[in-house]
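Quick notes on the structure that follows.
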Amino acid sequence: MKALTTPAKAYFCTVVSAFGVVILGFLGMLFHQGHEALLGSTSAPEDGVAVSHTLWGAAFVYALFLGFCGCQIAVIRNNSRIKL
């Protein structure tokens, strides 16, 4: 199988995606719990649970990218070992 990206792009995508999953998941948890720092002001969203579901959906998309980029790294490593 041939890699679709370069090694640098695959590693960068993996790091950014992992960071996105962690941060968005954590923010989703805080909004779901109704954390005062996020929902306590007058300009805060009304429905913290709906916001948390949106954040978790975005974290899921980042998790898909994380899986794809991780597979690209595995393919790149496997192809670099194959010598004919």
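The working numbering applies: residue 1 is where the sequence shown begins, and numbers increase by one.
Yeah, the Cβ is synthetic: ideal placement off N, Cα and C, and Gly gets one too.
Since we're looking at a predicted model, the values are computed, not measured.
Which of helix, strand or coil does DSSP assign to residue i?
i     : result
Lys2  : coil
Glu88 : Lying before the first or after the last residue shown, residue 88 is absent from the chain, which here runs from 1 to 84.
Ser41 : coil
Once you ignore the five residues that flank residue i on each side, which residues in its own chain have a CB closer than 7 Å to its CB?
i     : result
Thr5  : Gln72
Leu30 : Leu38
Ile76 : Ala3, Pro7, Ala10
Cys69 : Ala10, Cys13, Thr14, Ser17
Could you name the residues of the same chain whose beta carbon sits closer than 6 Å to that of residue i, not counting the 5 residues immediately before and after it, in chain order?
i     : result
Tyr62 : Ser17, Gly20, Val21
Asp27 : In the sequence as presented, Asp is not what sits at residue 27; that position holds Leu. Leu55, listed in sequence order.
Ala45 : Note on identity: in this sequence residue 45 is Pro, with Ala being the wrong assignment. These residues qualify, in order along the chain: Val51.
Applying the criterion that 16 or more other CB atoms from any shown protein chain within 10 Å of the CB defines a buried residue, is residue i buried or exposed?
i     : result
Ser52 : buried
Thr14 : buried
Leu64 : exposed
Ala59 : buried
### Query
In the stretch 8-79, which residue ranges form an unbroken alpha helix (DSSP H) of at least 4 residues, counting only runs that do not cross its ends?
36-39
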